[in-house]
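Undergrad: Take 1 as the starting number for the sequence shown in the UniProt record's numbering and just add one per residue. Yeah, the Cβ is synthetic: ideal placement off N, Cα and C, and Gly gets one too.
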Amino acid sequence: MDNLAVRRGGVPVLRGVSLTIPQGLVTAVVGRSGVGKTTLLGVLNGLVAPEHGTVTVAGSGPLDDAEALARHRRRTATVFQDHALIDRLTALDNVLLGLADTRHPLSPLPWPRALRRRAAEALDLVGLLPRALVRAGRLSGGERQRVGIARALIRKPDILLGDEPFASVDPALVAHLGRVLRQAVERQGVTAVLVLHQIETAMALADRIVGLAEGRVVFDGPATAFDAAARTAVFGPRPILSE
Numbered sequence: 001m002d003n004l005a006v007r008r009g010g011v012p013v014l015r016g017v018s019l020t021i022p023q024g025l026v027t028a029v030v031g032r033s034g035v036g037k038t039t040l041l042g043v044l045n046g047l048v049a050p051e052h053g054t055v056t057v058a059g060s061g062p063l064d065d066a067e068a069l070a071r072h073r074r075r076t077a078t079v080f081q082d083h084a085l086i087d088r089l090t091a092l093d094n095v096l097l098g099l100a101d102t103r104h105p106l107s108p109l110p111w112p113r114a115l116r117r118r119a120a121e122a123l124d125l126v127g128l129l130p131r132a133l134v135r136a137g138r139l140s141g142g143e144r145q146r147v148g149i150a151r152a153l154i155r156k157p158d159i160l161l162g163d164e165p166f167a168s169v170d171p172a173l174v175a176h177l178g179r180v181l182r183q184a185v186e187r188q189g190v191t192a193v194l195v196l197h198q199i200e201t202a203m204a205l206a207d208r209i210v211g212l213a214e215g216r217v218v219f220d221g222p223a224t225a226f227d228a229a230a231r232t233a234v235f236g237p238r239p240i241l242s243e
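#1: Can you find at least 3 beta carbon pairs, one from the region 48-68 and one from the region 114-128, that sit closer than 8 Å?
#2: Is there a C-beta anywhere in chain D that falls below 8 Å from the one on A132?
#3: Relative to the C-alpha of L96, which candidate in R74, R179, A120, R208 has its C-alpha closest?
#4: Just to confirm, are G208 and L25 a CB contact at a threshold of 8 Å?
#5: Check the C-beta distance from V6 over to V195 and give it rounded, since I have them as a contact under 8 Å.
#6: Given this structure, state the Cα-to-Cα distance separating A192 from P222, to the nearest angstrom.
#7: Check H52 in the structure and name its three-state DSSP category.
#8: Since A136 contacts A91 with CB under 8 Å, what's their CB separation in whole angstroms?
#9: Within its chain, find whatever has a CB closer than 6 Å to the CB of E243; leave out the 5 residues flanking it on each side and keep chain order.
#10: Let me know the secondary structure DSSP gives A167 once reduced to three states.
#11: With a threshold of 8 Å on Cβ separation, who are the neighbours of L125 within its own chain once the five nearest residues in sequence on each side are excluded?
#12: Give me, in chain order, the residues of the same chain whose beta-carbon lies closer than 7 Å to that of A230; leave out the 5 immediate sequence neighbours on both sides.
#13: Are the CB atoms of L85 and G141 within a distance shorter than 8 Å?
#14: Going by other Cβ atoms of all chains shown within 10 Å of its Cβ, with 16 needed for buried, is D158 buried or exposed?
#15: Give the DSSP-derived three-state secondary structure of P130 in the structure shown.
#16: N45 by DSSP, collapsed to three states: which one?
#17: When you compare only the Cα positions, how much space is there between L47 and T39?
#18: Which residue comes first and which comes last in the beta strand (DSSP E) that contains G221?
#19: With 16 other CB atoms within 10 Å as the buried threshold, where does T183 fall?
#20: Measuring straight from C-alpha to C-alpha, what distance separates L128 and E143?
#21: Going by other Cβ atoms of all chains shown within 10 Å of its Cβ, with 16 needed for buried, is D101 buried or exposed?
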């Protein structure tokens, strides 16, 4: 990313962001609410067009034309904060939608058995195989979030983007899902960029941390270097509590 700027309603959200995301690692994006974390992910998956600046992706090139953007999207999967599921479909069918771009959208044919098995395996990875045939509208928030993660994993993407992928998940499952994503990175060479609000999760899961404040990058380095000074730069000083 080179000198990216994005405005929403005339208000600057990203201000001259230049950043390199290393391949094959987990990068966590952290910061206060409203500093541009979700917008940054939107630029990375092509849903948000920057006012100026460029994004260049290894294997796809600069994302400045329709062909390059389509090539990039075929290699990318996103876990959305609002889950983006179809309530009338089962958990299994929602996971299969992660492969919707691999067949004709009007095809009346059922999904092949091999792909249904692959979807079931993805649900098993996130601990939801027993709920595979339950409609998404009947799932809890945490279960819906896990379906979203399974739908991203079934694509076997080169790039995995996650907007608060563990926000609705029971804390007891966060460590397990973190291990699932880490295995995808290590075994498949996935490049993961995750917006996280749990700093402890970011420290445990990420190789690198990017800290945003007021639409700018104020920290970019190894997770092990995200010390008290870095936290203050990103989140500001902690308030002093009166006795």
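TA: So, to answer that:
#1: no
#2: Protein chain content of the structure displayed is limited to a single chain, and chain D is not contained in it.
#3: Residue 96 sits at position 96 when you count from the first residue of the sequence shown. If we check each option's Cα against that of L96, A120 comes out closest.
#4: As a first step, residue 208 must be located in the sequence shown, where it is residue number 208. As a first step, residue 25 must be located in the sequence shown, where it is residue number 25. Before going on, a small fix: residue 208 reads as Arg here, not Gly. Yes.
#5: What you label residue 6 is simply residue 6 of the sequence shown in a count that begins at 1. What you label residue 195 is simply residue 195 of the sequence shown in a count that begins at 1. That belief does not hold up - the Cβ atoms of V6 and V195 are roughly 15 Å apart, past 8 Å.
#6: For the purposes of this step, residue 192 is taken as residue 192 along the sequence shown, with counting starting at 1. For the purposes of this step, residue 222 is taken as residue 222 along the sequence shown, with counting starting at 1. Answer to the nearest angstrom: the Cα atoms are 14 Å apart.
#7: Working through the sequence shown from its first residue, we reach residue 52 at position 52. If DSSP states are grouped into helix, strand and coil, H52 belongs with the strands.
#8: Numbered from 1 along the sequence shown, position 136 holds the residue referred to as residue 136. Numbered from 1 along the sequence shown, position 91 holds the residue referred to as residue 91. That pair is a contact at about 6 Å.
#9: For this step, residue 243 is matched to residue 243 along the sequence shown. Because the pLDDT at E243 is just 40, under 50, the model does not fix this residue reliably, and the point stays unresolved.
#10: Here residue 167 refers to the residue found at position 167 when the sequence shown is read from its first residue. In the structure shown, A167 sits in coil (DSSP, three-state: anything other than H, G, I, E or B).
#11: Counting from one through the sequence shown, the residue named residue 125 turns up at place 125. Same-chain partners within the cutoff: A150, L153, V180.
#12: Along the sequence shown, read from residue 1 onward, the residue named residue 230 stands at position 230. Counting only Cβ-Cβ distances below 7 Å, and skipping sequence neighbours, we find G211, F219.
#13: For the purposes of this step, residue 141 is taken as residue 141 along the sequence shown, with counting starting at 1. For the purposes of this step, residue 85 is taken as residue 85 along the sequence shown, with counting starting at 1. For G141 and L85, no; Cβs fall outside 8 Å.
#14: Within the sequence shown, residue 158 is the residue found at index 158, counting from 1. Buried: at least 16 other Cβ atoms inside 10 Å.
#15: Residue mapping note: residue 130 aligns to position 130 of the sequence shown, counting from 1. If DSSP states are grouped into helix, strand and coil, P130 belongs with the helices.
#16: Residue 45 sits at position 45 when you count from the first residue of the sequence shown. Looking at N45 - three-state DSSP - the assignment turns out to be coil, as it is neither helix nor strand.
#17: The sequence position of residue 47 within the sequence shown is 47, counting from 1. The sequence position of residue 39 within the sequence shown is 39, counting from 1. The straight-line gap from Cα to Cα measures roughly 9 Å.
#18: Within the sequence shown, residue 221 is the residue found at index 221, counting from 1. Note, G221: beta strand (DSSP E), 216-222.
#19: The residue you call residue 183 lines up with position 183 of the sequence shown. One detail in the question is off: residue 183 reads as Gln in this sequence, not Thr. Answer is exposed; the Cβ neighbour count stays below 16.
#20: What you label residue 128 is simply residue 128 of the sequence shown in a count that begins at 1. What you label residue 143 is simply residue 143 of the sequence shown in a count that begins at 1. Their Cα atoms are separated by approximately 7 Å.
#21: Here the question's residue 101 lines up with position 101 in the sequence shown. Under this definition D101 is an exposed residue.
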